[in-house]
Amino acid sequence: MPKSIWLLSNSIENDRPEIDFVQVKETNPVDWGLVDDLLHSKVSIEQYTPLNILVEQPEATKYDFYSVPGTLGLVSNRLVDAIGSIAFMNYSTLPVTLNDAQFYLVKCNATIDCLDHDNSDFERFRSAPYRIKRIKRYSFRDDMLSDQLVFTIPEQESLFITNGIYDSLCKYAFRGIALTKIV
């Protein structure tokens with residue numbers, strides 16, 4: 007059972023390459039509405055056409071994680087390989103070419119309802135009290151999580167990882183990822 011949980015996200019550096027979504031729209035029109043519908047299971051995955059994104063910075067492909075609004079992120083093939091397909095069992099990885107390198111948009115197919123509401127501290131929306139606005143302190147039901155797992159909870163669209171995945175990722179020199187311990 008996991009003892010610690012980390013949030014996997016993109017790092018924030020002043021000099022990191024960024025995806026210019028305005029330029030992407032002009033040079034390679036992308037129907038981001040369709041991509042959003044696909045990522046949120048409103049349309050079939052068969053309607054997905056792999057995206058091509060050009061980032062005019064030579065270091066762009068050396069980063070392993072990019073933030074893409076409305077998604078769980080854009081991750082490198084290197085990162086997906088290091089995590090492994092078994093750990094990604096609740097996700098689909100949708101191919102994206104970034105400057106001729108293989109990346110993936112991560113689509114959650116199934117969340118794990120493992121947030122321990124009794125032992126977590128969170129704030130609810132006033133207008134929709136059944137929804138969680140912000141989680142201040144996390145507590146998870148460990149019996150629902152294996153040691154080699156990437157997961158998303160219904161209350162928050164984020165990528166969480168367990169001990170085994172954290173240990174695996176620490177063996178590599180990934181760029182552009184942040185691992186934030188939350189439990």
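Residue numbers (our numbering): 7 to 189.
Positions of the beta carbon are idealized from the N, C-alpha and C atoms, including for glycine.
In this text the structure is predicted, and so the values were computed from the model without any measurement.
| task | Would you please state the rounded distance, in angstroms, between the beta carbons of Pro-23 and Gln-63? I believe it to be under 8 Å. | result | That pair is a contact at about 4 Å.
| Top-ranked residue by Cα proximity to Tyr-172, from Leu-78, Ala-88, Val-28 and Tyr-97 | Residue Ala-88 is the option with its Cα nearest to Tyr-172.
| query | What are the boundary residues of the beta strand (DSSP E) that Ser-174 is part of? | reply | That residue, Ser-174, is in no beta strand (DSSP E); its alpha helix (DSSP H) goes 169-175.
| request: Tell me where the alpha helix (DSSP H) around Leu-45 begins and ends. | output: Per DSSP, the unbroken alpha helix (DSSP H) holding Leu-45 starts and ends at 38-45.
| query | Looking at C-alpha atoms only, which residue of Thr-117, Asp-148 and Arg-130 is the closest neighbour of Ile-159? | reply | Ile-159 has its Cα closest to that of Thr-117, out of Thr-117, Asp-148 and Arg-130.
| message | So Tyr-144 and Ile-11 are supposed to be a Cβ contact under 8 Å. How far apart are they, rounded? | response | Rounded to the nearest angstrom, the Cβ distance from Tyr-144 to Ile-11 is 7 Å, consistent with a contact under 8 Å.
| said: What does DSSP give as the partner residue(s) for Tyr-97 in the beta ladder? | reply: DSSP output for Tyr-97 lists Cys-114 as bridge partner(s).
| Taking the continuous alpha helix (DSSP H) assigned at Val-86, which residues delimit it? | Start and end: 83-89.
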